[in-house]
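Below is one structure, written out as structure tokens; the observations come after it.
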Amino acid sequence: MVIKDIDNGRDLRKAYDELNFLCRVYEGLSGLYEYDELATMRNLITRQKAAIREYNHRPTPEYPLCIRCDSDSCMLLDKLPDSIGTEAEARAHFVRNFYIPRPCYAYDCTGQAFTTRYKVFQRRGAWYVYHFMARDV
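Reading the sequence shown from the start, the letters are residues 31 to 167 in this note's numbering.
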């Protein structure tokens, strides 16, 4: 019943639901049993809280993160440097360092990757960019 390894948001939601259930059962049983008899229930609640805390305090992932990928396109999430202060600076930094123009060849497909679009945004004081890429096939 207790989720020990939480790997994603769905597992986290299940862990919170189970924690809520365990707490309600514990409250219902606390009037019927002695404190020492409910030690196993308290232990389950403690382990569940520890698993949730471990997931919530996991280290920040390395960037770029591949959000979606298939045979000829992908979407990356990349964190921009902390020195960037405005959206204009973030866009300029992305275009200078990450933007890949589409190859222009009249006769054949090149197989090279290029940027189809991007979205710069700010989250928790840091600038990020969604980088949409495709392959010339």
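We put the beta carbon where it would ideally sit given N, CA and C, even for glycine.
Boundaries (first-last residue) of the alpha helix (DSSP H) holding residue i
i	result
L74	A69 to N86
Simplified DSSP state of residue i, which is helix, strand or coil
i	result
Y63	coil
R40	helix
L110	coil
F128	coil
A136	coil
Reference residue i, options the options, closest by Cα
i	options	result
C168	R98, Q142 and N127	Residue numbering for the chain in the displayed model covers 31 to 167; residue 168 lies beyond these limits and cannot be assessed.
C104	C96, P111 and L110	C96
W157	V167, R147, N50 and L107	L107
Cβ neighbour criterion (16 or more within 10 Å) applied to residue i
i	result
I130	exposed
Y65	exposed
F124	buried
Terminal residues of the beta strand (DSSP E) in which residue i lies
i	result
V159	A156 to R165
Y148	A143 to R153
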